[in-house]
Amino acid sequence: LAKQVLKEVQKDVESWISCGNRRPHLTVILVGDNPASHIYVRNKVKAAAAVGISSEVILRPKYISQEELLDMTLKLNKDSAVSGVLVQLPLPGRCYLLSHSLHMMSIVLKT
């Protein structure tokens with residue numbers, strides 16, 4: 018089933034591009050050094066590439082401030098070259114409240 022879904026998404030991406038649209042681009046923000054998060058992000062980048070979506074990973078240290086991370090997320094959201102922004106969870110402890118803020122912001126930005 019997963020392979021079928023990937024093939025369908027790949028066809029949709031190819032169709033999107035063939036209509037003159039720009040290739041979708043995913044930007045992932047990865048904060049800290051959680052080994053599991055690095056594996057998850059690597060798999061997301063690999064899956065994106067498999068369906069024709071370009072991606073980049075922005076690494077930030079675990080001591081990043083909530084304000085800096087939120088500002089970065091908002092800037093990327095306004096960047097016309099970026100189709101989607103993903104902040105990999107879990108965030109380090111000091112950014113716990115930001116996790117909720119980003120979730121709420123994602124709901125607002127989708128409208």
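Everything in the sequence shown is counted per our numbering, starting at 18 for the first residue and increasing by one. Using N, Cα and C, we set each Cβ at its ideal position, and we do this for glycine too.
Could you check the C-alpha separation between Lys79 and Asn60 for me, to the nearest Å? 21 Å
So, helix, strand or coil for Val30, using DSSP? In the structure shown, Val30 adopts helical secondary structure according to DSSP, grouped into three states.
Between the beta-carbon of Ile34 and the beta-carbon of Gln105, is there less than 8 Å? no
Ile56 - containing alpha helix (DSSP H), residue span: Looking at the DSSP string, the run of the alpha helix (DSSP H) that includes Ile56 is 52 to 67.
What did DSSP end up calling Gly37 once you bin it into helix, strand or coil? coil
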